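2 protein chains.
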Amino acid sequence: MDRIGFIGLGIMGRPMCLNLLKAGFAVTAWNRTAAKIAEVTAAGADAASSPEQVASRSDVIIIMVSDSPDVQEVILGERGVIRGAQSGSVVIDMSTISPAVTRDIALALAENGVDMLDAPVSGGDTGAINATLAIMVGGDNTVFERCLPILQAMGKAITHVGTNGMGQTVKLCNQILVSVTNMAVCEAVTFARASGVNPRIMIEATKDGAAGSWQLANLGAKMVNRDFAPGFMIDLQQKDLKLALEAARDLLVATPALSLVHQLFVSNQAHGEGKEGTQALLKSIERLAGKQSQRW
Amino acid sequence: MDRIGFIGLGIMGRPMCLNLLKAGFAVTAWNRTAAKIAEVTAAGADAASSPEQVASRSDVIIIMVSDSPDVQEVILGERGVIRGAQSGSVVIDMSTISPAVTRDIALALAENGVDMLDAPVSGGDTGAINATLAIMVGGDNTVFERCLPILQAMGKAITHVGTNGMGQTVKLCNQILVSVTNMAVCEAVTFARASGVNPRIMIEATKDGAAGSWQLANLGAKMVNRDFAPGFMIDLQQKDLKLALEAARDLLVATPALSLVHQLFVSNQAHGEGKEGTQALLKSIERLAGKQSQRW
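Written out as structure tokens, the structure reads:
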């Protein structure tokens, strides 16, 4: 059984690491803020003093941090994974970062005989806790198959989508889909209310046909209840949309609807709603409409 | 059993009328182009010489024509329904038209003791043929209950959503939802292809989570196969989006994403794609991207 290294014990990484321990894997963990290691060592993990040390003690090193520069730092930095990783080991980056940065890192690791998978997830902290994350994996197929039992300890719908970076690309596609579909729901709910229609009945009448979506059935219901507590926070979604917009722009692919949603989320942030759930996009649409949006 | 009048025997009206005959209703039919009456008289309907004559022979008069002015003409025009309709009869307008025009017509009919339901449908010609249309009904609840057996001969998910005009409002919400969600799919598919990712695999990896929608599963698959044959034609969708944008503007509700989709469909129409299915919105996104969109 592969020895696992785990780097990044935030809101997502901590429960994922605990699920690996529960599945019987030996885990060596590291986190930038040392205090967070206690919970996983209490559950049986060993603590390491640096990403380098994690790598030197592991066959497969999992990374779950915030953004592209964080991944570059823990892998390529001074006491990074690349200094300790043995030839034949695998790095699995489960953070959501730039596809282009991912490809660069994979090349640097390959020069040291280390394989890489990019394996970003969706499903939020609930999915992390319940080991039901969807995982989109880019990289070599034999490496994917070797690591599949490890990924299965953390997620459910695990799809090998292509070569290095393509897991990140599919994750960004996921974020384009959720964001623009969310926008569809916000405009429909606001138009319904301004017309005097109960938005709950509108959703009920439309959700099982061609208009139906997860966003309509789930975030739509939260909008109707004016429940803006985060499933997924606007501030975090904005990081992902920035990645998607930059990647699309670099490819010379125009994404006008995605760009529009990103700008309206900026307006949410301007109104102090960055820590609310993405369904608070509704408030930006309502502010455009003024009092008319409050009719129902 | 109510005697039914049926006005408008186009691609939707003809099969709906045939389903009423099949359910055992006596039907008197009229169509602007007389030649189209033959198919329903062959199935047992009587032909009338005007909407007025249809109304004089019917308890419930169903209208299925193209747009607001057509409905105004057949109901309020010189030989319109309002001249022949008896007090206590009901007009059910199943066309998709303006909610405001609907309310005006309902008032005019009410002054003559005639009730009205607005009952626009979704589900396309397939739904019309198979009697599986979704029907969104606005109007008085007792009138709705009286007419329910008639509607059940033509559709399945039949929802009473509010007062006169609100059926039309919910139908326009449905069109906002399908259009903007379609846009989400087009941007994700184009971004995936330009990134070198097989869009079929992208859809497979995302469709069962928060990114999932009817549009992704169904129109996404058609986009991947480059099948642009109409389920629902862009030219027809544009009529509905124009209604939605006008209704929203009159309410002072800004719908920037809907507006964007409408403009990109204008570009489709400029390229001679108005008779293609709404999934051809993909081509407008691809034209924005140029050759980059053809990578995969």
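Taken in order, these protein sequences are the chains called A and B. Going by our numbering, the first sequence runs without a break in its numbering and finishes at 530. Going by our numbering, the second sequence runs without a break in its numbering and finishes at 530. Each residue gets a CB set at the ideal place from its N, CA and C atoms; glycine is no exception. For clarity, every value in this text was computed on a predicted model and none was experimentally measured.
- Think of a sphere of 9 Å around the beta carbon of A:ASN408: the chain B residues whose beta carbon falls inside it are ALA422, MET436, ALA439, THR440, GLY443, ALA444 and ALA445, in chain order.
- The region 382-401 of chain B and the region 455-462 of chain B do not touch, with fewer than 3 CB-CB distances between them shorter than 8 Å.
- If you check the CB distance, B:ALA444 and A:VAL495 do not come in under 8 Å.
- If you check each beta-carbon in the region 354-365 of chain B against every beta-carbon of chain A, the ones closer than 8 Å belong to SER356 and GLY357.
- Using a Cβ-Cβ cut-off of 8 Å, B:GLY242 does not count as an interface residue toward chain A, since no Cβ of chain A sits closer than that to its own.
- Nearest Cα to A:ALA282 within the set A:PHE240, A:MET250, A:HIS394 and A:GLY244: A:PHE240.
- Interface criterion not met: the Cβ of B:MET250 is under 8 Å from no Cβ in chain A.
- For the region 483-494 of chain B, the beta-carbon criterion of a distance under 8 Å to any beta-carbon of chain A is satisfied by LEU485, LEU486, VAL487, ALA488, THR489, PRO490, ALA491, LEU492 and LEU494.
- With respect to the 8 Å criterion, B:ALA491 and A:GLU421 are classified as neighbours on the basis of their beta carbons.
- Membership of A:THR330 in any alpha helix (DSSP H) is not indicated, and neither H nor E is assigned to it by DSSP.
- For the region 495-509 of chain B, the beta-carbon criterion of a distance under 7 Å to any beta-carbon of chain A is satisfied by none of its residues.
- The Cβ atoms of A:VAL395 and A:VAL377 do not sit closer than 8 Å to each other.
- DSSP lists A:ILE241 as the beta-bridge partner residues of A:TRP264.
- Sorting A:ILE331, A:ALA340 and A:ILE437 by C-alpha distance to the C-alpha of A:VAL404 places A:ILE331 at the top.
- Below the 7 Å Cβ cutoff, chain B contributes no neighbours of A:GLN513, its closest Cβ being approximately 11 Å away.
- Per DSSP, B:LYS405 is not a residue of any beta strand (DSSP E); the alpha helix (DSSP H) it occupies stretches across 400-428.
- For A:ASP352, the enclosing beta strand (DSSP E) starts and ends at 349-352.
- Its chain contains LEU255 as the residues whose beta carbon lies nearer than 6 Å to that of B:GLY278, once the 5 sequence neighbours on both sides are disregarded; these appear in chain order.
- Only those residues of the region 366-381 of chain A whose C-beta falls short of 7 Å from the nearest C-beta of chain B are listed: ALA368 and MET370.
- Taking the CA atoms as reference points, A:MET246 sits about 10 Å from A:MET328.
- Judged by DSSP secondary structure, B:LEU310 falls outside any beta strand (DSSP E) and instead within the alpha helix (DSSP H) spanning 302-310.
- Contact check for A:GLY318 against A:ALA289 passes: the beta carbons are separated by less than 8 Å.
- Legend: CB atoms of the region 322-335 of chain A lying less than 9 Å from CB atoms of chain B belong to residues PRO333.
- Of all residues in the region 386-402 of chain B, only ALA391, THR393, VAL395, GLY396 and MET400 come within less than 7 Å of chain A when Cβ atoms are compared, listed by chain position.
- Here A:MET370 is bridged, per DSSP, to A:THR393.
- Straight-line spacing of the CA atoms in B:ARG427 and B:GLN528 works out to 7 Å.
- Taking the C-beta atoms as reference points, A:VAL414 is found nearer than 8 Å to B:VAL414.
- Looking at the DSSP output, B:ALA281 sits in a beta bridge with B:ALA263.
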